[in-house]
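Numbering (the working numbering), first residue to last: -10 to 220.
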């Protein structure tokens, strides 16, 4: 039977945090790294686009793509003609990948050029991606990807038909080797620079939505749905 259930979480503290590994402990700014499960899920769930990295023909490739989370799994979709999805689907060993998401929360302007920075929240996931072939899991994955963009939308759109499903490949990546990295706060100027006459501080970045713009061929009787108003 296909493995359609999220991986089990073992250990007394596993519900609270992921276990650090050699690949998830950074070599710099270790104080910014974290493994809290709730925080990592929050950073992932707030993102629209992930970057999927893998090696193709001996060279690194990084692709931006949509994704969705279901419990302890991430799902990435693409065309059946896509090289990474074909590679993962054609190998029982799957495809070694690194998946990342990043939110920029502020521009940190220091007195010195060297100490300029960003306030950010990021997640890095290492693992092996496998093609999803079970029909029920594929539909769950595709619904999750739609929900990642607009919660509630998967129930207010036509599901993929058989032809569309045949043209769509889905990869599954379990959340096992995972870490977050977060920077907050103001500039870290050197003491000898504190008297310099340059403005310093943080320029916050905020995320927002404009009013929905209906398609030109939309029936005027169809109102903006409540889940979209909630954005």
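Where is the CB? At the ideal position from N, CA and C, for every residue including glycine.
Taking Cβ positions, are residue i and residue j nearer each other than 9 Å?
i	j	result
residue 127	residue 107	no
residue 116	residue 166	yes
residue 131	residue 159	yes
residue 208	residue 137	no
residue 191	residue 111	no
residue 114	residue 84	no
residue 185	residue 100	yes
residue 129	residue 59	yes
residue 180	residue 97	no
residue 57	residue 118	no
residue 145	residue 214	yes
residue 216	residue 139	yes
residue 248	residue 7	Missing from the structure shown is residue 248; the chain here goes from -10 to 220 and no further.
residue 37	residue 52	no
For residue i, report the span of its alpha helix (DSSP H) as first-last.
i	result
residue 16	Premise fails: residue 16 is in no alpha helix (DSSP H) and is neither H nor E.
residue 216	215 to 218
residue 34	26 to 34
Residue i bridges to which residues according to DSSP?
i	result
residue 108	95
residue 40	53 and 89
residue 163	62
residue 84	118
residue 172	109
residue 157	68
residue 45	48
residue 193	95
residue 23	169
residue 6	25
What first and last residue would you give for the beta strand (DSSP E) that runs through residue i?
i	result
residue 133	Segment 124 to 138 is the alpha helix (DSSP H) holding residue 133; no beta strand (DSSP E) there.
So residue i and residue j are supposed to be a Cβ contact under 8 Å. How far apart are they, rounded?
i	j	result
residue 104	residue 178	6 Å
residue 62	residue 161	6 Å
residue 15	residue 5	Going by Cβ atoms, the distance from residue 15 to residue 5 rounds to 20 Å, so no, they are not a contact pair.
residue 149	residue 157	7 Å
residue 90	residue 109	Going by Cβ atoms, the distance from residue 90 to residue 109 rounds to 11 Å, so no, they are not a contact pair.
task = Say whether the region 38 to 48 touches the region 190 to 197, bearing in mind that this needs 3 or more beta-carbon pairs closer than 8 Å, one atom from each stretch.
result = no
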